[in-house]
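Numbering (my numbering), first residue to last: 6 to 339.
All C-beta atoms in this analysis are idealised placements derived from N, C-alpha and C, irrespective of residue type, glycine included.
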Amino acid sequence: MIAPRPTSEHLKGTLGRGTDCNRRGAIGIGFELAREAIARGAAAISLIDIADCSRAVALLVDEAADGVSAVFRAKIAAFKADVSNFEEISKAMADCQAAHGPLDVVFANAGIGPCGMFLEEPGVGHWEKVNRINYMGVVCTLKAALPGMVTRKKGHVIVTISSGGFMGAAGISAYCASKFAVRGFLDSLRLELINTGVSVHMACPGFVNTTMIRQAQKEASDTVKKLKAAFVPAMMTAEEVARYTWKGVEKVQYVIGSPDSGGNMLIGSSLAASSARYFPTWLEFLLAPLFVLLHMIIRRALEASTKKILAAAELQLPLSSANGSVDSKLAKDE
């Protein structure tokens, strides 16, 4: 049995205690998600981060000072943990629940997004780090949070995967691969939890103006910067993404799209052949041929533009030597 979609008011009734797992001090999308939770009447909020969240907590307290009692403000708390370490995130979840009671809503929002061409990166340490945080961080977070929610037969888990989980792009191959992995995990997990009363959601924003994105662009090579300039439109704000995401949670949407129409076109076309309900069934049936064509056009345009930019940049990829070994720069581990 699949429970009927709850209304916004029903969700507010279940939104007692939430936790938000982030990085970089919970300033960014995670912070804005917490602000939106306050606006929707959350009884308590916990931030879990590997960095110091005291600034985020102070800002949330100030934000809520005019309309929220001191008792409520005391229930905005932070706990330190590495989301990719199961023991640490499990302890943080336990501490959170000991302080505020069982979880109703969990946002798995931690992630890193470094830029770099695959063959420009020495070794594979870069890939291991991205996958440890972006993929295993989600696995560890949900493994720690879900048992109690399933026992109580209620709750929502929301994972930020971005539009990078729907189509690859040059210069962010490690990031896209990790997001594709998370998407596959959630497609399976959603089916496993279908009769438990716990809803699974994946939030899929495009490029958002956050510290993570700005830092990645600053450290990127000239080639990647040229690719970004060609393909990345005006970035969305974290506030826009948070509001859009919460609306999707209230509607119990599995796939929560992007505030920008271009991102939604990409996601919709990518889901044309999947089992995820992004549109009503009758509309998916009518639009399926158009989605397939649209996805083909987007991909071919991306390929053609990438080829042109890389040719103009005269990108020189390391070649294998006569004995079959790769360039020493590539063979060196990070």
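Out of the options, which has the shortest C-alpha to C-alpha gap to residue i?
{"i": "I163", "options": "R157, A150 and A174", "result": "A150"}
{"i": "V62", "options": "G46, F91 and K85", "result": "K85"}
{"i": "P210", "options": "A175, F171 and L191", "result": "F171"}
{"i": "A97", "options": "G253, K148 and Y180", "result": "K148"}
{"i": "E125", "options": "G116, N114, G46 and G176", "result": "G176"}
{"i": "P119", "options": "P152, A306, A174 and L198", "result": "A174"}
{"i": "V260", "options": "D57, C181 and L191", "result": "L191"}
{"i": "I94", "options": "H105, T146 and A115", "result": "T146"}
{"i": "F91", "options": "I55, V66, L298 and P294", "result": "I55"}
{"i": "D67", "options": "F112, R40 and P127", "result": "R40"}
{"i": "G46", "options": "I117, A309 and E255", "result": "E255"}
{"i": "I117", "options": "I53, W287, K312 and H131", "result": "H131"}
{"i": "A44", "options": "L108, E244, P107 and S59", "result": "E244"}
Where does residue i fall in DSSP's three states?
{"i": "G202", "result": "coil"}
{"i": "D54", "result": "strand"}
{"i": "A49", "result": "strand"}
{"i": "V111", "result": "strand"}
{"i": "G128", "result": "coil"}
{"i": "I117", "result": "coil"}
{"i": "K85", "result": "strand"}
{"i": "M154", "result": "helix"}
{"i": "I166", "result": "coil"}
{"i": "G35", "result": "helix"}
{"i": "A106", "result": "Sequence inspection shows Gly at residue 106; the Ala mentioned does not correspond to that position. In this structure, G106 counts as coil in the three-state DSSP scheme."}
{"i": "V172", "result": "A small fix is needed here, since residue 172 is Met in this sequence, not Val. It is coil, neither helix nor strand."}
{"i": "G211", "result": "coil"}
{"i": "V254", "result": "helix"}
{"i": "M122", "result": "coil"}
{"i": "G160", "result": "strand"}
{"i": "Y249", "result": "helix"}
Hey, would you say residue i sits closer than 9 angstroms to residue j, going by beta carbons?
{"i": "A247", "j": "L38", "result": "yes"}
{"i": "A208", "j": "T250", "result": "yes"}
{"i": "G142", "j": "V88", "result": "yes"}
{"i": "A49", "j": "A82", "result": "yes"}
{"i": "K158", "j": "G202", "result": "yes"}
{"i": "G153", "j": "V110", "result": "no"}
{"i": "K80", "j": "N139", "result": "no"}
{"i": "V155", "j": "L196", "result": "no"}
{"i": "V257", "j": "S204", "result": "yes"}
{"i": "G189", "j": "Y180", "result": "no"}
{"i": "A182", "j": "N136", "result": "yes"}
Would you mind giving the Cβ-Cβ distance between residue i and residue j, rounded to the nearest angstrom? I have them listed as a contact below 8 angstroms.
{"i": "I166", "j": "V144", "result": "Between V144 and I166 the Cβ distance is about 13 angstroms, and since that is not below 8 angstroms, they are no contact."}
{"i": "F123", "j": "S51", "result": "Wrong, their Cβ atoms sit about 37 angstroms apart, outside the cutoff."}
{"i": "G253", "j": "H206", "result": "6 angstroms"}
Is the beta carbon of residue i within less than 8 angstroms of some heavy atom of the ligand COA?
{"i": "V164", "result": "Only the bare structure without any ligand can be found here, which leaves the ligand COA out of the picture."}
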